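Numbering (the working numbering), first residue to last: 16 to 339. Encoded as structure tokens, the structure appears first; notes follow it.
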Amino acid sequence: MTPVLLISIAAFIGVAALVGGVAIMFRDSTDEKVEDRLAVFTSNGPAGTKKGKREKEPTLLAEPLTDTKGFFHSLLTRFGNVELLFEQADTKLTSKQFCLASGIMALAGWTVALYVGIPVAFTPLAGLFSAMLPLLWLLFRRRRRMKAFATQLPDALELIARALRAGHSLAAGMALVQEEMTAPIGIEFGRCADEHAFGVTLEDAMRQMCDRMPNLDLKFFATAVILQRQTGGDLAEILDKIGYLVRERFKIWGQVQALTGEGRLSGIVLLALPPALFAVVYKLNPDYVMVLFTDPMGKKMLAGAAVMQLLGALVIRKIVNIKV
Numbered sequence: 016m017t018p019v020l021l022i023s024i025a026a027f028i029g030v031a032a033l034v035g036g037v038a039i040m041f042r043d044s045t046d047e048k049v050e051d052r053l054a055v056f057t058s059n060g061p062a063g064t065k066k067g068k069r070e071k072e073p074t075l076l077a078e079p080l081t082d083t084k085g086f087f088h089s090l091l092t093r094f095g096n097v098e099l100l101f102e103q104a105d106t107k108l109t110s111k112q113f114c115l116a117s118g119i120m121a122l123a124g125w126t127v128a129l130y131v132g133i134p135v136a137f138t139p140l141a142g143l144f145s146a147m148l149p150l151l152w153l154l155f156r157r158r159r160r161m162k163a164f165a166t167q168l169p170d171a172l173e174l175i176a177r178a179l180r181a182g183h184s185l186a187a188g189m190a191l192v193q194e195e196m197t198a199p200i201g202i203e204f205g206r207c208a209d210e211h212a213f214g215v216t217l218e219d220a221m222r223q224m225c226d227r228m229p230n231l232d233l234k235f236f237a238t239a240v241i242l243q244r245q246t247g248g249d250l251a252e253i254l255d256k257i258g259y260l261v262r263e264r265f266k267i268w269g270q271v272q273a274l275t276g277e278g279r280l281s282g283i284v285l286l287a288l289p290p291a292l293f294a295v296v297y298k299l300n301p302d303y304v305m306v307l308f309t310d311p312m313g314k315k316m317l318a319g320a321a322v323m324q325l326l327g328a329l330v331i332r333k334i335v336n337i338k339v
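Okay, structure coming up:
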């Protein structure tokens with residue numbers, strides 16, 4: 016490797032180490048975490064002064080005492096509920112590990128881009144794309160888990176309905192789902208049943224399960240249970256109808272996917288063709304392509320092409336994304 020590359024790598028590692036040291040200095044202490052937990056039990060702290068405040072933080076007692084929320088967690092929470100994303104993806108990854116993995120992937124992508132001879136102007140983009148790979152992996156796991164949960168939901172509802180007809184309670188039916196069915200639905204329903212067994216109301220436990228698994232059919236189930244407990248009625252029959260509705264919707268969705276398959280494939284080809292053609296032409300004749308980055312008109316054409324690509328992707332997605 017060239018000396019310039021070695022100096023750049025050393026500078027990147029030095030800056031990363033400096034950021035890590037500052038993060039450790041500003042990390043929350045464990046003593047403060049323990050005091051917050053004791054305040055919840057004694058109702059002397061901010062979390063125990065108002066009932067609504069305690070209800071907004073239902074997972075505080077479920078966290079380990081050694082789990083501290085430091086700089087990395089505070090940084091990620093500005094972009095969304097990262098803990099909820101980790102739960103939905105069913106991973107034990109922490110905020111610190113996620114940031115570390117993103118930094119390592121950014122360094123690896125930047126180094127590989129320099130090693131293969133990509134122009135220096137494109138190396139930050141390679142590092143940025145590599146840093147997003149852990150996030151894309153989390154989103155992929157989350158989507159796969161949500162899909163598996165939606166597929167298992169009709170069987171779970173029918174199992175609960177049969178348990179209700181046999182004389183069991185709703186919580187016992189959820190525990191039966193945990194015993195008889197695999198993850199992810201067995202884990203989620205089992206967690207809901209355990210929370211109810213430890214004193215959480217069934218409505219709150221189901222509401223938290225809906226937050227962890229944002230599924231429309233699950234919300235129908237939770238709403239039906241809450242209404243049935245307030246007004247009465249045959250819950251087993253309601254669950255059978257919801258299960259039948261979900262199965263029929265899956266059939267219609269499969270037909271829609273088959274009819275829109277050609278459009279989705281055409282969209283993928285049209286969106287991937289310009290970058291692929293750019294890479295091929297750059298490999299054959301780099302000077303011909305670099306005019307787009309050196310000439311003012313070329314820069315405008317490149318920006319217009321990027322905007323048109325984005326608009327085309329949105330239009331194609333709107334056409335083929337039919338909600339059922």
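Idealized CB from N, CA, C, for every residue including glycine. Fair warning: this is a prediction, and the values are worked out from it, not measured in the lab.
First through last residue of the alpha helix (DSSP H) which encompasses residue i
i, result
"Thr246", "231-246"
"Lys256", "250-274"
"Ser347", "Given a span of 16 to 339 for the chain in the structure shown, any question on residue 347 remains unanswerable."
"Val192", "185-195"
"Phe101", "97-104"
"Met221", "217-227"
"Phe204", "200-212"
Residue i, DSSP secondary structure in three states
i, result
"Phe155", "helix"
"Phe144", "helix"
"Lys66", "For Lys66, the pLDDT reaches just 41, beneath the cut-off of 50, and the residue's location in the model is therefore unreliable, although a value from the coordinates is still provided. Helix."
"Pro311", "helix"
"Pro139", "helix"
"Ala291", "helix"
"Lys107", "coil"
"Ala176", "helix"
"Ala163", "helix"
"Ala318", "helix"
"Ile337", "coil"
"Pro301", "helix"
"Gly282", "helix"
"Pro134", "coil"
"Ala181", "coil"
"Thr74", "Bear in mind that a pLDDT of 45 at Thr74, under 50, signals an unreliable position, so the number given afterwards is only what the model happens to contain. DSSP places Thr74 in coil when its eight states are reduced to three."
"Gln324", "helix"
Nearest-angstrom Cβ-Cβ length linking residue i and residue j, presumed shorter than 8 Å
i, j, result
"Phe237", "Arg222", "It should be pointed out that residue 237 corresponds to Ala in this sequence rather than to Phe. Their Cβ separation, rounded to whole angstroms, is 7 Å, which keeps Ala237 and Arg222 in contact under 8 Å."
"Asn189", "Pro149", "Reading the sequence as shown, one finds Met at residue 189 and not Asn. At roughly 33 Å, the Cβ-Cβ gap does not stay under 8 Å, so Met189 and Pro149 are not in contact."
"Ala171", "Ala178", "Rounded, the Cβ-Cβ distance is 11 Å, inconsistent with contact."
"Lys192", "Gly201", "The amino acid at residue 192 is misidentified as Lys; the sequence shows Val. Their Cβ separation, rounded to whole angstroms, is 6 Å, which keeps Val192 and Gly201 in contact under 8 Å."
"Leu286", "Ala328", "6 Å"
"Leu174", "Glu203", "Contact flag wrong, Cβ pair sits at about 14 Å."
"Leu307", "Lys298", "Leu307 to Lys298, Cβ: 15 Å. No contact."
"Ala239", "Ile257", "7 Å"
"Met224", "Phe164", "About 10 Å; that fails the 8 Å criterion."
"Asp232", "Leu168", "5 Å"
"Leu242", "Ala176", "At roughly 16 Å, the Cβ-Cβ gap does not stay under 8 Å, so Leu242 and Ala176 are not in contact."
"Val335", "Gly269", "With 8 Å as the limit, Val335 and Gly269 do not qualify as a contact, their Cβ atoms being about 15 Å apart."
"Gly124", "Ala136", "So it is not a contact: roughly 15 Å between Cβ atoms."
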